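Notes to accompany the following structure.
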Amino acid sequence: MAFFRGLRGVSEAAAISAGAKTAAIWFPIRERSIATGWFTTGTSIGAMVAPPLVVWLSVIWGWREAFIGTGLLGVGVSLLWLALYRNPENHPRLTAEEHAYIKGGQQDAVLPKPSVRQVLGNRESCGIAAGRFLTEPA
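Take a look at the structure:
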């Protein structure tokens, strides 16, 4: 069980990075914060929906089936993502105008990478970190 919990932690860490990378590929700089906000909202909604779903599955079919069912749901979503996701350069339904909009907005600004001291000294960063720390301890 600990091994599978460890695999889950690895996949969750990869999901956050993949979401950030997808936002960077698909959205112009001025729209990335909105895309990232929707992505992180989705993870929070999932954290709210999962416990009642698991309890319901456990009551109806048993804890083993709930464990297997939620695992299969995750695998199914991953397979769906692999089958449907394409980068903008390879997406069959993306028009040339849409592609130009995405790529044109990605050249807006190149920001210097802040140091850890600058991030920790920023009130907004500390506020976001404190909020996440207090609301998402799991």
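Following the working numbering from start to finish, the sequence shown increments by one per residue and tops out at 219.
Note that the Cβ used here is the ideal one computed from N, Cα and C, for glycine as well.
These figures come from a predicted structure and were not determined experimentally.
Coil, strand or helix - residue i by DSSP
i: Phe85; result: helix
i: His172; result: coil
i: Arg167; result: coil
i: Glu205; result: helix
i: Lys194; result: coil
i: Phe148; result: helix
i: Phe120; result: helix
Whole-angstrom distance between residue j and residue i, CA atom to CA atom
i: Ile110; j: Gly186; result: 6 Å
i: Leu153; j: Glu93; result: 16 Å
i: Ser114; j: Ala101; result: 10 Å
i: Glu217; j: Ala104; result: 22 Å
i: Asn203; j: Pro195; result: 10 Å
i: Gly157; j: Thr176; result: 29 Å
i: Pro173; j: Phe84; result: 39 Å
C-beta atoms of residue i and residue j nearer than 8 Å
i: Ala147; j: Ser139; result: yes
i: Trp107; j: Pro169; result: yes
i: Ser206; j: Val200; result: yes
Beta-carbon separation (whole angstroms), residue i vs residue j, contact threshold 8 Å
i: Val135; j: Thr151; result: 6 Å
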